[in-house]
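Trainee: Numbering (my numbering), first residue to last: 2 to 145. Don't be surprised by glycine CBs; every beta carbon is placed ideally from N, CA and C. Since we're looking at a predicted model, the values are computed, not measured.
Written as structure tokens, this is what we have:
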């Protein structure tokens with residue numbers, strides 16, 4: 002039997018200690034194998050210290066405040082892809098720290114991954130008050 006795919010979570014943060022901590026607590030409840038890489042872009046509010054005190058197994062990359070979100074995520078992704086721990090069947094999950102995960106969101110995504118290993122899976126975002134869809138991916142119809 003082959004080993005289950007590892008989900009390599011990458012996150013970018015800057016002075017969002019409470020949100021980062023909340024997401025890390027949610028990820029701690031996930032039943033599939035996870036590795037977490039956090040790119041902290043120069044936080045001064047204790048984000049890194051808080052994250053590491055609760056979750057010492059995460060990888061923290063540090064910036065000086067000039068990377069912003071896109072470059073932070075690119076650096077975190079490159080770190081994971083260039084690491085010796087990333088396997089061919091593993092999954093890369095881009096995660097924003099302000100997301101509230103559905104209880105089984107990652108497990109459901111991994112079930113889809115097992116059925117469609119080459120697919121890009123996009124999670125839908127939902128309004129926390131009325132449940133309406135606020136953001137998601139789509140299946141392209143036609144040329145544009």
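Rank 35, 23, 11 by C-alpha distance to the C-alpha of residue 101 and give the top, closest one.
Mentor: As a position in the chain shown, residue 101 is number 100, starting the count at 1. The shortest C-alpha separation from residue 101 is found at 23.
Trainee: Based on Cα-Cα distance, which residue from 131, 142, 36 lies nearest to residue 85?
Mentor: For the purposes of this step, residue 85 is identified with residue 84 of the chain shown, where counting begins at 1. Of the listed residues, the one whose Cα sits closest to residue 85 is 36.
Trainee: So, at 6 Å on beta carbons, what are the nonlocal neighbours of residue 6 in its own chain, with the 5 sequence-adjacent residues on each side left out?
Mentor: On the chain shown, position 5 is the one that residue 6 refers to. Within the same chain, residue 6 has close Cβ partners 90, 91, 92.
Trainee: According to the neighbour-count rule (16 or more other Cβ atoms, all chains shown, within 10 Å of its Cβ), is residue 128 buried or exposed?
Mentor: Translated into the one-based positions of the chain shown, residue 128 becomes position 127. Exposed is the call here.
Trainee: Need the endpoints of the beta strand (DSSP E) that residue 115 sits in, please.
Mentor: Residue 115 sits at position 114 when you count from the first residue of the chain shown. Looking at the DSSP string, residue 115 is not in any beta strand (DSSP E); the run it does join, the alpha helix (DSSP H), is 106 to 116.
Trainee: With DSSP collapsed to three states, give me the class of residue 74.
Mentor: Here the question's residue 74 lines up with position 73 in the chain shown. Residue state, collapsed to three classes: helix.
Trainee: Cβ atoms of residue 40 and residue 199: under 8 Å apart, would you say?
Mentor: Residue 199 is absent from the model: the chain starts at 2 and stops at 145.
Trainee: To which residues of the same chain is residue 137 closer than 8 Å at the C-beta, ignoring the five residues directly before and after it?
Mentor: Counting from one through the chain shown, the residue named residue 137 turns up at place 136. Excluding sequence neighbours, residue 137 sits near 123, 124, 125, 126.
Trainee: Note down, in chain order, each residue of its chain lying with its Cβ closer than 7 Å to the Cβ of residue 95, except the 5 sequence neighbours on either side.
Mentor: Position 94 of the chain shown, counting from 1, holds the residue named residue 95. Around residue 95: 11, 74.
Trainee: In this structure, how does DSSP classify residue 28 when only helix, strand and coil are distinguished?
Mentor: On the chain shown, position 27 is the one that residue 28 refers to. Of the three classes helix, strand and coil, the one that applies to residue 28 here is helix, per DSSP.
Trainee: Name the one or two DSSP bridge partners that residue 12 has.
Mentor: Walking along the chain shown from the start, residue 12 turns up at place 11. BP columns for residue 12 point to 39.
Trainee: In terms of residues, what are the limits of the alpha helix (DSSP H) holding residue 48?
Mentor: Counted from its first residue, the chain shown places residue 48 at position 47. Per DSSP, residue 48 belongs to the alpha helix (DSSP H) from 48 to 55.
Trainee: Starting from the C-beta of residue 87, find all residues in its chain whose C-beta is less than 7 Å away, skip the five residues before and the five after it, and write them out in chain order.
Mentor: Within the chain shown, the letter at position 86 stands for residue 87. The residues are 9, 81.
Trainee: By the 10 Å Cβ neighbour count, where 16 or more other Cβ atoms means buried, how is residue 13 classified, buried or exposed?
Mentor: Walking along the chain shown from the start, residue 13 turns up at place 12. Classification for residue 13: buried.
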